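**Student:**
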Amino acid sequence: MKKSFSITVLLLLVLSVFLAGCGGKKSTSEQASTKKNENYTETASGPLTINPKIPDLAVQDKGPNGEQAVSAKTLQLTEDELKKIKEGHYKAAIVMHYSGTDYMNAAVGAMKDTFKKMGIKIVAVTDAQFKAEKQVNDIETVLAKKPDIMISVPVDAVSTAPAYKKAVAQGVKLVFMDGAAQGLVAGKDYISIVSGDNMGNGATAADIMAEKLGGKGKVGIVYHDVNFFVTKNRSDAFEKRIKEKYPNIEIVAKSGITGPNQAEEVASAMLTRHHDIDGIFAPWDVPAEGVMAAARTAGRDDLVVTTVDLGTNVAISIAQDGIVKGLGAQLPYDQGVAQAILAGYALLGKEAPAYVASPSIKVTKENVLDEWKLIYGTEAPDTVKNAMK
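Residues -20 to -1, 1 to 369 in mature numbering (1 follows the signal peptide of the UniProt record, and there is no 0) are what the sequence shown spells out, letter by letter.
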């Protein structure tokens, strides 16, 4: 997160326009917010962990300072530790960068569910609408409620840092999602960062691409052209995996976007310049939707697209054997559980890893319905189930 502030502002403006354009339509997970997460049981006893059904896979990801990620499956609060936390009558605030997507609703829902089990009262849940100045105001408003814990995703690592430092000075325990505010130090100013295995997911997307292309062909990469380490890890890992493992696949084009609604234009230009391109990687599911749109406009229904994150629209494409053939998925619900557990670590004074990641989950047509349930804890929506038919 070392690029100029002007680039960051451009990103925020682009993303806020995109998100405003998506307003009014609830995501699948928002519509299903009243459904019980079937991956978890309401038990009165036992340690608190993420879903034990998640595969025991090594995580490849590295944090913003090069920290090797520790698997979220290693986190645990014992019954005695949970009892101590409940006796503290603590308060928590959830300060997000934006909301409304399948991913974000699952993550926030997990935090709410887990804090309830821990006996922690949530005093605020905010949505900065991808505006740094609003997030600063959100943080200052939340601090007046005197939370003991704050879980947050910084909209902009630089401009929000002074507000997070106020929280630290007030004694608030910080847990970050995906990235930390600039100048804050793990173990001193904040507890940990939780994310998905972004490098693992990029490599998974490369393996699926190679499989669908029969190990040969020409591909392009649409990458996130800002200094945001989680998306950079995905694209870098995709490129590295292709170059190291698949010598008969050539990367012929790389084009950057600063916001998801630029992906269609960028992919369209890529398809125009490279008529014989066989596949394109996108850094997450929303830009992948733009690549799909560009492919359809160009009459390229044969294009193979892979990405990261299982959203409804890419899941439909995967289910109907469409343009998106597969992806590496994060586990937003379980990452939300992990963030709450790490908040418990902070309250107990328990040593925590600086960077935590959930394992990469490979999603293709063959397992999309099963993996949806693993990822979100509920059955796949009817739109995805019907696409399988």
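All C-beta atoms in this analysis are idealised placements derived from N, C-alpha and C, irrespective of residue type, glycine included. Because the structure is a prediction, the values reported are computed rather than measured.
Report yes if the C-beta distance between T94 and G316 is below 8 Å; otherwise report no.
**Tutor:** The residue you call residue 94 lines up with position 114 of the sequence shown. The residue you call residue 316 lines up with position 336 of the sequence shown. Yes, the Cβ-Cβ distance between T94 and G316 is below 8 Å.
**Student:** Rounding to the nearest angstrom, what Cα-Cα distance links K369 and L123 in this structure?
**Tutor:** Translated into the one-based positions of the sequence shown, residue 369 becomes position 389. Translated into the one-based positions of the sequence shown, residue 123 becomes position 143. About 51 Å.
**Student:** Would you identify the three-state DSSP class for E351, choosing helix, strand or coil?
**Tutor:** Your numbering for residue 351 matches position 371 in the sequence shown. E351: helix per DSSP, three-state reduction.
**Student:** I need the boundaries of the beta strand (DSSP E) containing Y335, first residue and last residue.
**Tutor:** The residue given as residue 335 occupies position 355 in the sequence shown. First-last of the beta strand (DSSP E) with Y335: 335 to 338.
**Student:** On the DSSP bridge list, what partners appear for M130?
**Tutor:** Here residue 130 refers to the residue found at position 150 of the sequence shown. In the DSSP output, where bridge partners are listed per residue, M130 has A73, L154.
**Student:** Who pairs with V288 in a beta bridge, going by DSSP?
**Tutor:** In the sequence shown, the residue the question calls residue 288 occupies position 308. V288 pairs with G308.
**Student:** When the Cα atoms are used, what is the spatial distance from V364 to D60?
**Tutor:** Your numbering for residue 364 matches position 384 in the sequence shown. Your numbering for residue 60 matches position 80 in the sequence shown. Rounded to the nearest angstrom, the two C-alpha atoms are 42 Å apart.
**Student:** For the candidate residues V148, D314, T277, E331, whose alpha-carbon lies nearest to that of P35?
**Tutor:** Here residue 35 refers to the residue found at position 55 when the sequence shown is read from its first residue. Here the closest residue by C-alpha is D314.
**Student:** Take T277 as the anchor and find which of G89, G194, S248, E219 has the nearest alpha-carbon.
**Tutor:** Here the question's residue 277 lines up with position 297 in the sequence shown. The shortest C-alpha separation from T277 is found at S248.
**Student:** Give the range of the beta strand (DSSP E) segment to which S235 is assigned.
**Tutor:** For the purposes of this step, residue 235 is identified with residue 255 of the sequence shown, where counting begins at 1. Where S235 is concerned, the enclosing beta strand (DSSP E) stretches over 229 to 237.
**Student:** Let me know the secondary structure DSSP gives K125 once reduced to three states.
**Tutor:** By one-based count along the sequence shown, residue 125 stands at place 145. Coil.
**Student:** In three-state DSSP terms, what is S51?
**Tutor:** Within the sequence shown, the letter at position 71 stands for residue 51. Reduced to three states, the DSSP call for S51 is strand.
**Student:** Note down the Cα distance separating G239 from K66, rounded to an integer number of angstroms.
**Tutor:** Taking the sequence shown and counting its residues from 1, one reaches residue 239 at position 259. Taking the sequence shown and counting its residues from 1, one reaches residue 66 at position 86. Whole-angstrom Cα-Cα distance: 42 Å.
**Student:** Express the C-alpha separation of V135 and S(-5) in angstroms, rounding to a whole number.
**Tutor:** Start at 1 with the first residue of the sequence shown, and residue -5 comes out as number 16. Start at 1 with the first residue of the sequence shown, and residue 135 comes out as number 155. Bear in mind that a pLDDT of 37 at S(-5), under 50, signals an unreliable position, so the number given afterwards is only what the model happens to contain. When rounded, the distance between both Cα atoms is 11 Å.
**Student:** Taking DSSP as the reference, what is the three-state secondary structure of Y203?
**Tutor:** Numbered from its first residue, the sequence shown carries residue 203 at position 223. Reduced to three states, the DSSP call for Y203 is strand.
**Student:** Quick check: the segment 65 to 81 against the segment 98 to 113, are there 3 or more CB pairs under 8 Å?
**Tutor:** Output reads yes: the segment 98 to 113 touches the segment 65 to 81.
**Student:** At which residues does the beta strand (DSSP E) containing I222 begin and terminate?
**Tutor:** Within the sequence shown, residue 222 is the residue found at index 242, counting from 1. I222 -> not in any beta strand (DSSP E); alpha helix (DSSP H) instead, spanning 209 to 225.
**Student:** Give me, in chain order, the residues of the same chain whose beta-carbon lies closer than 6 Å to that of Q56; leave out the 5 immediate sequence neighbours on both sides.
**Tutor:** As a first step, residue 56 is located in the sequence shown; it is residue number 76 there, counting from the start. Cβ neighbours of Q56 beyond the five flanking positions: P27, T29.
**Student:** What residue does the beta strand (DSSP E) around A104 start on, and which one ends it?
**Tutor:** Looking up residue 104 in the sequence shown gives position 124. Note, A104: beta strand (DSSP E), 101 to 107.
**Student:** With a 10 Å radius around its C-beta and 16 neighbouring C-beta atoms as the bar for buried, classify G167 as buried or exposed.
**Tutor:** As a first step, residue 167 must be located in the sequence shown, where it is residue number 187. Result: exposed.
**Student:** Between the alpha carbons of Y20 and N228, how many angstroms are there, rounded?
**Tutor:** On the sequence shown, residue 20 is found 40 positions in, with the first residue counted as 1. On the sequence shown, residue 228 is found 248 positions in, with the first residue counted as 1. Cα to Cα, Y20 sits roughly 44 Å from N228.
**Student:** Taking a contact to mean a Cβ-Cβ separation below 8 Å, would you say Q162 touches A141 in this structure?
**Tutor:** Indexing the sequence shown from 1 puts residue 162 at position 182. Indexing the sequence shown from 1 puts residue 141 at position 161. A contact, by the Cβ cut-off of 8 Å.
**Student:** Taking contact to mean at least 3 C-beta pairs separated by less than 8 Å, is the segment 79 to 94 in contact with the segment 43 to 55?
**Tutor:** Flag = no, the segment 79 to 94 and the segment 43 to 55 do not touch.
**Student:** Let me confirm a value: A38 is counted as buried when at least 16 other C-beta atoms fall within 10 Å, else exposed. Which label applies?
**Tutor:** Counted from its first residue, the sequence shown places residue 38 at position 58. Result: exposed.
**Student:** Name the two residues that bound the continuous beta strand (DSSP E) containing S172.
**Tutor:** Residue numbering aside, residue 172 sits at position 192 when the sequence shown is read from its first letter. Run containing S172: 172 to 176, per the beta strand (DSSP E) assignment.
**Student:** If the criterion is Cβ atoms closer than 8 Å, does the pair V199 and G259 meet it?
**Tutor:** On the sequence shown, residue 199 is found 219 positions in, with the first residue counted as 1. On the sequence shown, residue 259 is found 279 positions in, with the first residue counted as 1. Yes, they are a contact pair.
**Student:** Just list the residues that DSSP pairs G194 with in beta bridges.
**Tutor:** Against the sequence shown, residue 194 aligns to sequence position 214. In the DSSP output, where bridge partners are listed per residue, G194 has none listed.
**Student:** Please work out which residues of its chain come closer than 7 Å, Cβ to Cβ, to T53, disregarding the five sequence neighbours upstream and downstream, and give them in chain order.
**Tutor:** Position 73 of the sequence shown, counted from the start, is the residue given in the question as residue 53. The sequence given here has Lys at residue 53, not Thr. Cβ neighbours of K53 beyond the five flanking positions: I30, I34, D36.
**Student:** Here's the rule I'm using: 16 or more other beta-carbon atoms within 10 Å means buried, otherwise exposed. How should P32 be labelled?
**Tutor:** Sequence index remark: in the sequence shown, residue 32 carries index 52 (1-based). The residue in question, P32, is exposed, as its Cβ has fewer than 16 Cβ neighbours within 10 Å.
**Student:** Around the C-beta of E351, are 16 or more other C-beta atoms found within 10 angstroms, so that it is buried, or is it exposed?
**Tutor:** Start at 1 with the first residue of the sequence shown, and residue 351 comes out as number 371. Result: buried.
**Student:** Would the segment 195 to 215 count as touching the segment 257 to 276 if we require 3 or more Cβ pairs under 8 Å?
**Tutor:** Because the criterion of three Cβ pairs below 8 Å is met, the segment 195 to 215 and the segment 257 to 276 touch.
**Student:** For the beta strand (DSSP E) holding G89, just list the boundary residues, first then last.
**Tutor:** In the sequence shown, counting from the first residue as 1, residue 89 sits at position 109. G89 -> not in any beta strand (DSSP E); alpha helix (DSSP H) instead, spanning 82 to 97.
**Student:** Is the beta carbon of L290 sitting closer than 8 Å to the one on D265?
**Tutor:** Counted from its first residue, the sequence shown places residue 290 at position 310. Counted from its first residue, the sequence shown places residue 265 at position 285. Yes. Within cutoff.
**Student:** When the Cβ atoms of the segment 340 to 354 are set against those of the segment 211 to 220, are three or more pairs found closer than 8 Å?
**Tutor:** Too few Cβ pairs lie closer than 8 Å, so no.
**Student:** Whole angstroms is fine: what's the gap from L328's alpha carbon to V152's?
**Tutor:** The residue given as residue 328 occupies position 348 in the sequence shown. The residue given as residue 152 occupies position 172 in the sequence shown. Taking the straight line from one Cα to the other gives about 13 Å.
**Student:** Taking the straight line between their C-alpha atoms, what separation do you get for P339 and Q40?
**Tutor:** Sequence index remark: in the sequence shown, residue 339 carries index 359 (1-based). Sequence index remark: in the sequence shown, residue 40 carries index 60 (1-based). Spanning the two alpha carbons is a distance of roughly 9 Å.
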